[in-house]
Structures are given as C-alpha cells and as structure tokens.
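The block underneath contains the structure these notes are about, expressed in structure tokens.
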Amino acid sequence: VHLPPLRERPGDVVELAEAFVAKHRSRINRKVKGLTDEAKRALQRYAWPGNVRELENAIEQALVFCEGEELTASDLPAFVSKGRAADLLSLPTGGEMTLPEILEDLERQLIVRAYEKARGVKTETARLLGIKTSGLYYKLEKYGLIKPGEKAEKPEAGEP
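Numbering of the sequence shown is given in this note's numbering, commencing with residue 2 and proceeding in unit increments.
What follows is the structure, encoded as structure tokens:
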C-alpha cells in the first residue's frame, strides 16, 4: 500500500490536526474545540517533511500555548505559521552545533516561553509543559533561569 506524503494530502492535514487536538487536549488540560480557519490554512501551507509525527508534535506544542477555545495560527510553532519548513538559514551548519546542543537550545526556548506565559509560577509552567515540577526545577537550574537550590514558590508581593 502506497500512502503519499502528507504534503501531497493537504485535505488530510486538517482532519489529522483536529484528531490530534481531541487526542491531546485533556492531557494538556485544554478545552480547545478546534482550529481557526487561519490555523487550518497555515497547517495546509506547510510542507510537513516530518510527516504525521511532525504534525502531531506541532499540535501538542500549540495546545500548550493556546489560551482560547480554538487553536489560532499564532499558537502554532513559528515554522508552521510562517508556512515553510524550519528556517534553514538559522540552523547551524558545518558542525557549528551538535544535535544534542540544538535540542537543548530548543528545549530552553520552550521552557522560557512557558515560564514567561506562566509569569514565573513554576507549577503552572510545569503544567503547561506537561512535565513534573521537580523536572522543571532541574531544567530551570540547568539553563540558569533560577538560582541553584531554589525550590519553593515565592509568594507575590502582599501575599503571606
């Protein structure tokens, strides 16, 4: 059985994306009901070189950052919403960085984005990322985002 690549089946992209929203929304604790037309168009424009797995990962990431009842194009990873594969001009070439270094950098960027969205509340940051709070503390220390040994949430000004 020959199944053409996802890039050759733009009509399937939206159906698959909606299925992935339904599959992952409860785990990520989101009440997302679907995708905006703009998000659907962005998903259909993208070439999906990583095929279905890449689409599923993009939807999971978008769910983490979605604040409404519909995924918007701005919730999608930048490489998808811009309608092209990952920006090859910004990727390291010629041994500038190893794959583990690239993945670490990406992980750090995602953690920073979630940490900012959660306004520094670590339990919320961990929830957004779908990881345990203890794992988040490890990563925050690793990337120098908190002081080593910092563990307790600090109350906001005016709170006990």
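Just so it is clear, CB atoms sit at the ideal spot from N, CA and C, and this is done for glycine as well.
If you draw a 10 Å sphere on the C-beta of R54, you find fewer than 16 other C-beta atoms in it, and that means exposed.
Around the beta carbon of I103, fewer than 16 other beta carbons sit within 10 angstroms, so the residue counts as exposed. Fewer than three beta-carbon pairs drawn from the region 135–152 and the region 35–48 are found closer than 8 Å, and the two stretches are therefore not classed as touching. Going by beta carbons, V14 and C67 fall outside the 8 Å limit. Leaving aside the five residues that flank R128 on each side, the residues in its chain whose CB is nearer than 7 Å to its CB run, in chain order, N30. With contacts defined as CB atoms closer than 8 Å, L72 and A63 qualify as a contacting pair.
Here K133 is exposed, its C-beta having fewer than 16 other C-beta atoms within 10 Å. For D13, the enclosing alpha helix (DSSP H) begins and ends at 11–25. Here DSSP, grouped into helix, strand and coil, assigns E142 to helix. By the neighbour-count criterion, in which a residue is buried when 16 or more other Cβ atoms sit within 10 angstroms of its Cβ, L107 is exposed. Taking the C-beta atoms as reference points, L4 is found no nearer than 8 Å to L56. About 6 Å separates the beta carbons of N52 and P6, which is inside the 8 Å limit, making them a contact pair. The residues K32, V33, K34, in chain order, have a CB closer than 7 Å to that of E70 in the same chain once the five nearest residues on each side in sequence are set aside. Put simply, of A20, R120, Y116 the residue whose alpha carbon is nearest the alpha carbon of L130 is Y116. Only residues of its own chain outside the window of five on either side were considered, and among them F66 have a CB closer than 8 Å to the CB of R114, listed in chain order.
The C-alpha of T126 is placed about 16 Å away from the C-alpha of K143.
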